[in-house]
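Q: Okay, here's the structure, questions in a sec.
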Amino acid sequence: MPGTAIIGLQWGDEAKGKIVDLLTEQHDIVVRYQGGANAGHTVVTDGKKFKLSLIPSGIFRSHVQCVIAGGVVLNPSSILQEISSLLAQGIKIGSNLMISDRAHVIFPWHSIADRLLNNIGDSEPIGTTLRGIGPCYEDKLGRSLAIRVGDLYKPDLKEKIKHIIGVKNQLLLELTNRCNKTMDMTNPIAELNPETIYKEYAGYAEQLRPYVADTTNYLLNAVDADKRILFEGAQGALLDIDHGTFPYVTSSNSSSTGIFSGSGVPFYFLKKVIGIAKAYTTRVGGGPCPTEQDNNIGQQIRDRGNEYGTVTKRPRRCGWFDAVAVRYSARLCGISTLAIMLLDVLSGFDTLQICTAYEIDGQRLNYFPSQIDDLRKVVPVYETLSGWKEDISAITKYNDLPFNAKCYVKRVAELIGRPVEIVSVGPDRRQTITSTLSE
Ligand code: IMP
414 MPGTAIIGLQ WGDEAKGKIV DLLTEQHDIV VRYQGGANAG HTVVTDGKKF KLSLIPSGIF
474 RSHVQCVIAG GVVLNPSSIL QEISSLLAQG IKIGSNLMIS DRAHVIFPWH SIADRLLNNI
534 GDSEPIGTTL RGIGPCYEDK LGRSLAIRVG DLYKPDLKEK IKHIIGVKNQ LLLELTNRCN
594 KTMDMTNPIA ELNPETIYKE YAGYAEQLRP YVADTTNYLL NAVDADKRIL FEGAQGALLD
654 IDHGTFPYVT SSNSSSTGIF SGSGVPFYFL KKVIGIAKAY TTRVGGGPCP TEQDNNIGQQ
714 IRDRGNEYGT VTKRPRRCGW FDAVAVRYSA RLCGISTLAI MLLDVLSGFD TLQICTAYEI
774 DGQRLNYFPS QIDDLRKVVP VYETLSGWKE DISAITKYND LPFNAKCYVK RVAELIGRPV
834 EIVSVGPDRR QTITSTLSE
């Protein structure tokens, strides 16, 4: 049975959680394979809203095995809070959740470094989620100061933490001295007490013990047994560390390229990639966003779409659909079909714009630039489409959509070069059009 992936094609927050939740019915296993608690996936079922950061969105179906694979960076305190909050809401969590012993662990020094690094330098800050994601991945690649989930159970954990804190104290002090003076962070390293941190993390390790496993081996066995596996991407392809809008990206491969390294599953197993894109554009944090509407239009989209971060509550930057950017990420991720999300948010505009090309210094550019300075310079070329006034949030069949809404969906599909399989018109499972998009 083939593997399927759900990948965001923009800068994250494409409402991937809803589609993962819908598709879990047809899968045995749902895997998170990159990122960490920087992700915020919202799932609405029967009017009840659940927010997930680390736990795969398959957790609401009792037959599904949820796996947090080795490519994820794990904040033990965040996941334990998430588990207890879901348990309190009546969701069953036990052997249906597995956490890789290869996943790297986020410690307080990672979050402190994240805050300091966001305030260093004179260029536009990356504007991270401050969850310590980047610094934890840095230690993973650097290896000598890294701690993986499996290490939490080894007898030398206390010594290792003491040694790392010794090194981190020096590094963080230097970073603090170089930080912008305005930052309210006078003595961050005072927070790093080896004994306290060891006790705290040894406690987390005991609570996490029932979930910890060699998930790579588990998934390879699942591949051999023809299990149906759904890969749940976090963030979006344009935030990919290698292929995104560097340096305004996250620290993992958030395009489909991260599936294989993050989960250990071989590439041939993946048969379908569903690219998820909002009907417009949003971005949180720094970095260029060519179609951003820093005006009344952007505010209308923000208000109607409730575009405020699930994790950080920051208002998201909003703008028109950028077909140049999405076409790039759709090709990068090898998507089979598209899911267009939040189409209902565009109801009420007289006209809608779609960016079909970029121009730099009057020269047409039909591709997505690799250099951030070029992306900052691009001027979007827009195509104007007629809007629709009707509330579409209760529509469940494609052919019942207003004519102009269908034209909009069709044009997006044409520009991206892939068929649209799903149109979402609201947060609930029921507000989803999956019927054949015939007209
Ligand atoms: P980090 O992942 O916390 O290091 O943040 C790096 C960049 O990715 C920042 O611009 C964040 O706003 C953005 N980012 C990280 N996670 C998400 C997400 O789940 N949705 C949208 N943006 C994200």
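Sequential numbering from 414 applies to the sequence shown in the numbering used here. Cβ coordinates follow ideal geometry from the N, Cα and C atoms, glycine included.
(1) Using a 10 Å radius around the Cβ and a threshold of 16 neighbouring Cβ atoms, would you call residue 681 buried or exposed?
(2) On the premise that residue 488 lies in contact with residue 525, defined as a C-beta separation below 8 Å, what is that separation, rounded to the nearest angstrom?
(3) Let me confirm a value: residue 440 is counted as buried when at least 16 other C-beta atoms fall within 10 Å, else exposed. Which label applies?
(4) To which residues of the same chain is residue 816 closer than 8 Å at the C-beta, ignoring the five residues directly before and after it?
(5) Spell out a yes or no on whether the region 426-440 and the region 702-711 are touching, meaning 3 or more CB-CB pairs, one atom from each, closer than 8 Å.
(6) Ordered along the chain, which non-local residues of its own chain (more than five positions away) have a Cβ less than 6 Å from that of residue 459?
(7) Which residue spans inside the region 631-715 form an unbroken beta strand (DSSP E) run of at least 3?
(8) Measure the alpha-carbon distance for residue 624 versus residue 478 and round it to whole angstroms.
(9) Name the two residues that bound the continuous alpha helix (DSSP H) containing residue 547.
(10) Which one or two residues does DSSP pair with residue 841 in a beta bridge?
(11) May I ask you to check if the CB of residue 697 is nearer than 7 Å to at least one heavy atom of the ligand IMP?
(12) Could you please give the first and the last residue of the uninterrupted beta strand (DSSP E) stretch that includes residue 587?
(13) DSSP three-state label for residue 771, please.
(14) Would you report the Cα separation of residue 515 and residue 823, rounded to the nearest angstrom?
(15) On the DSSP letters alone, give me the boundaries of the alpha helix (DSSP H) that residue 528 sits inside.
(16) Spell out the partners DSSP gives residue 721 in its beta bridges.
(17) Do residue 620 and residue 421 have their beta-carbon atoms positioned less than 8 Å apart in this structure?
(18) According to DSSP, simplified to helix, strand and coil, what is residue 426?
(19) Can you tell me whether DSSP reads residue 852 as helix, strand or coil?
(20) Please confirm whether any heavy atom of the ligand IMP lies closer than 7 Å to the CB of residue 544.
(21) For the ligand IMP, any of its heavy atoms closer than 7 Å to the Cβ of residue 664?
(22) Cβ of residue 693 versus every heavy atom of the ligand IMP: is any distance shorter than 7 Å?
(23) Within 10 Å of its beta-carbon, does residue 638 have 16 or more other beta-carbons around it, so buried, or fewer, so exposed?
(24) Kindly indicate which residue of 804, 485, 711 and 796 has the alpha-carbon position closest to the one of residue 821.
(25) Check for me: the beta strand (DSSP E) holding residue 377 runs from which residue to which?
(26) Pick helix, strand or coil for residue 795, following the three-state DSSP scheme.
(27) Under 8 Å, with one C-beta from each stretch per pair, do the region 448-468 and the region 574-589 reach the 3-pair mark?
(28) With the cut-off set at 8 Å, would you say residue 780 and residue 734 are in Cβ contact?
(29) If you draw a straight line from the C-alpha of residue 608 to the C-alpha of residue 574, how long is it?
(30) What is the C-beta distance between residue 907 and residue 737, in whole angstroms, given that I count them as a contact (C-beta under 8 Å)?
(31) Helix, strand or coil: how does DSSP classify residue 421 here?
(32) Nearest to residue 798 by alpha carbon, out of 772, 808 and 763?
(33) Taking residue 466 as the reference, give the member of 723, 805, 839 and 803 with the closest Cα.
(34) Candidates 809, 683 and 818: which alpha carbon is nearest residue 382's?
(35) Which of helix, strand or coil does DSSP assign to residue 541?
(36) Between the Cα of residue 790 and those of 778, 773 and 804, spot the shortest distance and give me the residue it belongs to.
A: The answer reads as follows:
(1) exposed
(2) Wrong, their Cβ atoms sit about 13 Å apart, outside the cutoff.
(3) buried
(4) 801
(5) no
(6) none
(7) 642-649, 683-691 and 694-696
(8) 11 Å
(9) 546-555
(10) 457
(11) yes
(12) Taken as a continuous stretch (DSSP letters only), residue 587 belongs to no beta strand (DSSP E), being part of the alpha helix (DSSP H) at 570-591.
(13) strand
(14) 43 Å
(15) 521-530
(16) 728
(17) no
(18) coil
(19) Confidence is the limiting factor: at residue 852 the pLDDT is only 47, short of 50, which leaves the residue's position unreliable, though a coordinate-based value still follows. DSSP places residue 852 in coil when its eight states are reduced to three.
(20) yes
(21) yes
(22) no
(23) exposed
(24) 796
(25) The requested residue 377 does not occur in the structure, where the chain is confined to residues 414 to 852.
(26) strand
(27) no
(28) no
(29) 9 Å
(30) Because the chain in this structure spans residues 414 to 852, residue 907 falls outside the shown range and cannot be described.
(31) strand
(32) 763
(33) 723
(34) Residue 382 lies beyond the range of the chain shown here (414 to 852); nothing can be said about it.
(35) coil
(36) 773
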